[in-house]
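Take a look at the structure below.
Number of protein chains: 2
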Amino acid sequence: MPTRSTVIAPAWLARVEPGLDVETGMAVVVQGDRIAAIEPVDRARAAHPQAEFIDLPGHLLCPGFVNLHCHAAMSLLRGAGDDLPLERWLGERIWPIEGQLMSPEFVHDGALLGCHELLLGGVTCVNDMYFFPESMLQAARALGMRASAGIVVIDFPSAWGTGPDDYLAKGLAMRDRWLDDPLVGFTLAPHAPYTVGDDALRRVATLSQELGLPVHIHVHETAQEIAQSVEQHGCRPLERLRRLGLLGPDLIAVHAVHLDPAEIALLARHSASVAHCPHSNLKLGSGIAPIAELLDAGVRIGLGTDGAASNNRLDLLHEAHTAAMLAKGASQRAEVFPARAVLEAMTLGGARALGKEDEIGSIRTGKQADLVAVDLHAPESRPVFDPISHLIYTAGREHVADVWIAGHHVVRKRQLAAMNGRTALSDVVGRIGVWQNRISRILSGTAAS
Amino acid sequence: MPTRSTVIAPAWLARVEPGLDVETGMAVVVQGDRIAAIEPVDRARAAHPQAEFIDLPGHLLCPGFVNLHCHAAMSLLRGAGDDLPLERWLGERIWPIEGQLMSPEFVHDGALLGCHELLLGGVTCVNDMYFFPESMLQAARALGMRASAGIVVIDFPSAWGTGPDDYLAKGLAMRDRWLDDPLVGFTLAPHAPYTVGDDALRRVATLSQELGLPVHIHVHETAQEIAQSVEQHGCRPLERLRRLGLLGPDLIAVHAVHLDPAEIALLARHSASVAHCPHSNLKLGSGIAPIAELLDAGVRIGLGTDGAASNNRLDLLHEAHTAAMLAKGASQRAEVFPARAVLEAMTLGGARALGKEDEIGSIRTGKQADLVAVDLHAPESRPVFDPISHLIYTAGREHVADVWIAGHHVVRKRQLAAMNGRTALSDVVGRIGVWQNRISRILSGTAAS
């Protein structure tokens, strides 16, 4: 079978490559799973007469979005616990539900629902952390998505494992089973400093070095987490991670809301990445991450949606909009986190945090063809003075028109293109009512007790 | 002609009336421009066999949204000045463009574009402030929208008038021309304390009392505005408004970002309303309004989009989402501004600020039939544990399905229903390119100079 090829000709192209801004009149040539060329439209068509030609007037083509922190399966818990701070939200809502329902089926159905929402919103790669991670991978791959699964580690037992040793053993075995799928990656995912002890964190540090895996961990999310660490360990959580050997370019520090200037400098010096999840931080009352200061210090930033139980919308463009707004508003500096920097964070920033910046995150010849086309010609987007401004400040996920992952055209005119994706989703939609009833029963039990 | 009547049967009804929460199995009966009854679906159908029956499974029906602060015509300037603080944004971008292009045609075309966006997002009443307000009214009314026009007052001349006396004379004459349209209202709209002198503000206070008109004014938007007032007038702007007789239940204090505790108490004591515009405040780097403290003090809150030049999206549901998030995050109290309070702010809160709470803002027998139906059964909204939570935390304007204003079904299944609205809009969409070219030329001249 000859390699399929496609010539995509958008009105505007944003490659997210150094020194390049918005280009017009350019086409992206896709062959197989890779970007084969970026050249003027006429030349591309002449050079590839057999290719499918996709004309996208009024559309901006940019790299696929990388969601750097998600619990996709928690979409089944969307809206199950609002207006509660983190500790009560976890203790009174999330953990009781998870305790009763956690199973491969729960994770599969929730992840399929969540990944479907992400995909239609332009996310081509999701970095996930949850129990039964293999069920998440199956869901993401059914939709054609690129996914990074967290090898979760937590001190308490769950339906997925008995403790750190068991979680690591199961996670590493899972990793072996997926080695042949180039769209699947892994992180080590200790839940948080307050739920994982020193021994397990040391093992994670060693494994990260041995296997070259990123470490995906919630850290400095709330003021309470920090106070508790000082009391229990005699230092703040980030310092504890440093002592345990976890601070380095492989660290994905999720949330990082409460940071002092020395900690910001530490993250920068170690080339660690922050997964900024503004909606989750705001909704749980955790606070506002010091993005202006992190950017000033040169800390690497990616964006995450977190799970739908604390957001409640898995929409990375929405997250990008709020990230830009919040950085400006909190610092009272309108020039902070301009649209181009936000676009870089949600594409190349996420790729870099995952160690995949040579494969995804920008539009460059030889890279994987993970692409998103956003329609900017709806009346509510007009006029257009700067398409990157419009992508971040004006457009919504409803304007995401087409998505390619590894060269596959997985969303076509706002519809799932892959037959197996459509089928998988319609099955799940039919089962959501069952999950909703089960969760409602648990919630009414919790409220009554 | 017999009065048209409609029975609307949503899955969930949120009346925004004291003591009532979400109801199921209830229908809203609309006769002419008013709500005639709210009763169980079967009884409503039996009592009104000739009525059009509109079945809305999976939809939440709530009062139409009231946008308490907008410059709808500025949608033509969408994205024309990003990443700039208020003073530079006004001085380098907005005022130069307005200075050259301001005309009834500019305002009409921009307002039609802006009102179209608002209407499809569920806004049934817009409180606007801009030059050539009559052109805004014509645009809003062409789409079937309810609108409140600001009788703008500003010390400097513009294409619309020579100074305060002229602005007031023209505005009051305009008001007389629209007295017969029950969907049109007015406010006195002095631009801001820093652009309007004491004499004009005193005249506004007198006219407000004589005519019973609300006073719609930007105030305490930036720290610089306050510092300048202290230097020039020896007091902070709100205190100056108080001395000039403007502080009372008719005051719509737009932005109110920088407030000390005494000012918050003052606003509460005088029953003034705050028009909270979170995106504009964030994007211009103005800061974060102390919503938790305002709510604690019992200050009346409404929500506004501001204009598309500083937002850049006229989407009140998006504004509501951010308002909730920001109030929680800034106060680090997750329980602040819960979904029900946000829904009240964006409906009854706005109506109250405009002095229209007996006519609009909630679903009550005898009130105007301004209604919005939001589809919560899309996969990305499922499951649904609490439809009001979903409205604020999950849904987007893309889920607004149907809109009624004064009993007219102006948006039907996400499409403009009114023929004249569709025609008016398609004319404008054709002209946007012309405005875009003119604005681009001015911007490149500004950049070069």
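One line per chain: the protein sequences are A and B, in this order.
Numbering of the first sequence is given in our numbering, commencing with residue 85 and proceeding in unit increments.
Numbering of the second sequence is given in our numbering, commencing with residue 85 and proceeding in unit increments.
Just so you know, even glycine gets a beta-carbon here, dropped at the ideal spot from N, CA and C.
So the candidates are the options; which of them puts its Cα closest to the Cα of residue i?
i      : options                        : result
B:T290 : B:T279, B:A307, B:L272         : B:L272
B:V513 : B:L197, B:V338, B:A253         : B:L197
A:H200 : A:P362, A:Q222, A:P471         : A:Q222
B:T87  : B:A120, B:Y278, B:D459         : B:A120
A:S415 : A:L263, A:A307, A:L378, A:A437 : A:L378
B:D193 : B:R448, B:V468, B:A156         : B:A156
B:K497 : B:V487, B:N504, B:L343, B:V236 : B:V487
A:A453 : A:D126, A:G228, A:I372, A:E403 : A:G228
A:G234 : A:I92, A:A276, A:T208, A:T246  : A:A276
A:A418 : B:V456, B:I444, B:A429, B:I372 : B:I372
B:S394 : B:L97, B:I138, B:L174          : B:L174
A:L140 : A:I178, A:N504, A:L455, A:E443 : A:L455
B:A195 : B:S528, B:R515, B:V112         : B:R515
B:G183 : B:L202, B:G245, B:L366         : B:G245
A:V426 : A:A98, A:L322, A:A93           : A:A98
B:Q115 : B:Q312, B:G529, B:T449         : B:T449
A:C25  : A:E441, A:I301, A:L168         : Lying outside 85 to 533, the shown extent of chain A, residue 25 of chain A is not represented and no answer is given.
A:H402 : B:A337, B:A356, B:N365, B:A479 : B:A479
B:I301 : B:A311, B:E323, B:H153         : B:H153
B:G296 : B:Q316, B:I310, B:E323, B:L256 : B:L256
Measuring only between beta-carbons, confirm whether residue i sits less than 8 Å from chain E.
i      : result
B:S355 : The structure shown contains no chain E; its protein chains are A and B.
With a 10 Å radius around its C-beta and 16 neighbouring C-beta atoms as the bar for buried, classify residue i as buried or exposed.
i      : result
B:P217 : buried
B:G148 : buried
B:N521 : exposed
B:E305 : buried
A:K451 : buried
A:D212 : buried
B:A253 : exposed
B:R397 : buried
B:P248 : buried
B:P321 : buried
A:S528 : exposed
B:N504 : exposed
B:P102 : exposed
B:E123 : buried
A:P241 : exposed
If you drop the 5 nearest sequence neighbours on each side, which residues of the same chain put their C-beta closer than 7 Å to that of residue i?
i      : result
A:A349 : A381
A:A352 : A381, G382, V383
A:A411 : I375, A376, V420, F421
A:S533 : Because A:S533 carries a pLDDT of 43, less than 50, the predicted location of this residue cannot be relied on, and the following value inherits that uncertainty. Correct list: empty, nothing qualifies.
B:D459 : G142, H143, H483, A485
A:I181 : L161, A164, I523, I526
B:P188 : F216, S219
A:V468 : L460, H474
B:I476 : A404, H405, A408, A423, V426, L427
B:P169 : L368, G369
On the premise that residue j lies in contact with residue i, defined as a C-beta separation below 8 Å, what is that separation, rounded to the nearest angstrom?
i      : j      : result
B:G269 : B:L400 : Not really, about 18 Å apart at Cβ, beyond 8 Å.
B:A340 : B:V303 : 6 Å
A:D166 : B:S510 : Contact flag wrong, Cβ pair sits at about 41 Å.
A:P362 : A:A407 : 5 Å
B:D117 : B:G491 : 4 Å
A:L335 : A:V299 : 5 Å
B:H360 : B:I385 : 6 Å
A:S232 : A:Y278 : So it is not a contact: roughly 23 Å between Cβ atoms.
B:A337 : B:S357 : 7 Å
B:V237 : B:Y214 : That pair is no contact at about 12 Å.
Please return the same chain residues whose Cβ sits closer than 6 Å to the Cβ of residue i, not counting the five positions on each side in sequence.
i      : result
B:W262 : V268
A:L325 : L331
A:V494 : G228, V487, A501, A502
Heavy atom of the ligand FAD less than 7 Å from the Cβ of residue i, yes or no?
i      : result
A:H339 : This structure does not include the ligand FAD; it has no bound ligands of any sort.
Apart from the five residues on each side of it in sequence, which residues of its chain come closer than 8 Å, Cβ to Cβ, to residue i?
i      : result
B:E136 : R88, S89, T90, V91
B:D539 : No statement about residue 539 of chain B is possible, as the shown extent of chain B runs from 85 to 533 and does not include it.
Item checked: Validate contact between the segment 377-393 of chain A and the segment 428-444 of chain B using beta carbons, cut 8 Å, 3 pairs -> no
Item checked: Three-pair Cβ contact test at 8 Å for the segment 455-471 of chain A versus the segment 482-502 of chain A -> yes
Note to self: So, does the segment 131-150 of chain B touch the segment 98-115 of chain B, judging by three or more C-beta pairs under 8 Å?
What the structure shows: Pairwise C-beta distances place the segment 131-150 of chain B in contact with the segment 98-115 of chain B, as three or more of them are shorter than 8 Å.
Margin query: Measuring CB atoms only, is the segment 314-330 of chain A touching the segment 285-299 of chain A, in the sense that at least three cross pairs come out at less than 8 Å?
Written below: yes
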